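Take the sequence shown: its position 5, counting from 1, is numbered 106 in the working numbering, and each next residue is one higher.
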Amino acid sequence: MSNHMIGYSMAPLIRYVMELKEKKEISDNAAASLIKEMISTVGENDGNKYEATEEVNTSFCGNCGIHVPKGKPLFDLYDFLDEIDCYNERLIQSYTRYGTFLCEDCFRKFIAALNKDFDIESEIKRQVEDGIINISR
Ligand SMILES: [Zn+2]
């Protein structure tokens, strides 16, 4: 049975870490380390990682860490990877420092980094039409 309390309790703390990073009160590396530890703690206590990352994945880019302006899309990297059946673990790790949803610029860079003949515009259109993106709050 899942422990929902740990994930939902960690979510606002992870968001707070991103806000501290945004105000430059802590470094980018400190933020990434704290978030990694917090998500690990959730997993170790039978929590669901998606509950802990829900707030950060609806506001911040998992790669560059910018606070995505309200109303702008955040793209689900794992949904995309499932769709294309591709798992380049090193590349994924380097694009998910803070979360698993990416701003449009980083999503485009990730697709380009895959070095595959891939129609970026069609993929962005598909994610928007299928409603699998998050809209920044
Ligand atoms: Zn980004």
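The beta carbon of each residue, even a glycine, is placed where N, CA and C say it ideally should be. On a predicted model such as this, the values are computed, not experimentally measured, just so you know.
Close-in-space but distant-in-sequence residues of the same chain around residue i (CB under 7 Å, 5 per side omitted)
{"i": "Asp203", "result": "The sequence shown places Leu at residue 203, rather than the Asp named in the question. Result list for Leu203: Cys162, Gly163, Asn164, Leu175, Phe176, Leu178, Tyr196 and Phe211, in chain order."}
{"i": "Tyr188", "result": "Leu182"}
{"i": "Glu190", "result": "none"}
Nearest-angstrom Cα separation, counted from residue j out to residue i
{"i": "Lys124", "j": "Ser110", "result": "22 Å"}
{"i": "Asn216", "j": "Lys137", "result": "28 Å"}
{"i": "Val169", "j": "Asp147", "result": "30 Å"}
{"i": "Gly232", "j": "Asp180", "result": "11 Å"}
{"i": "Tyr199", "j": "Val157", "result": "8 Å"}
{"i": "Gln228", "j": "Glu184", "result": "10 Å"}
{"i": "Tyr117", "j": "Ile107", "result": "16 Å"}
{"i": "Met119", "j": "Ile140", "result": "14 Å"}
{"i": "Phe219", "j": "Ile225", "result": "11 Å"}
Span of the beta strand (DSSP E), counted from its first residue to its last, around residue i
{"i": "Asp177", "result": "Pro174 to Asp177"}
Alpha helix (DSSP H) segment containing residue i, residue limits
{"i": "His105", "result": "His105 to Glu123"}
{"i": "Val229", "result": "Ile221 to Asp231"}
{"i": "Tyr151", "result": "Lys150 to Thr154"}
{"i": "Leu135", "result": "Asp129 to Glu145"}
{"i": "Lys217", "result": "Note, Lys217: premise wrong, no alpha helix (DSSP H); not H, not E."}
{"i": "Tyr196", "result": "Glu190 to Tyr196"}
Anticipated Cβ contact below 8 Å, residue i with residue j, distance rounded
{"i": "Gly172", "j": "Ser237", "result": "6 Å"}
{"i": "Ala132", "j": "Leu121", "result": "7 Å"}
Close-in-space but distant-in-sequence residues of the same chain around residue i (CB under 8 Å, 5 per side omitted)
{"i": "Thr159", "result": "Leu175, Phe202, Asn235, Ile236, Ser237 and Arg238"}
With three or more beta-carbon pairs closer than 8 Å as the criterion, would you say the region 103-123 touches the region 143-157? yes
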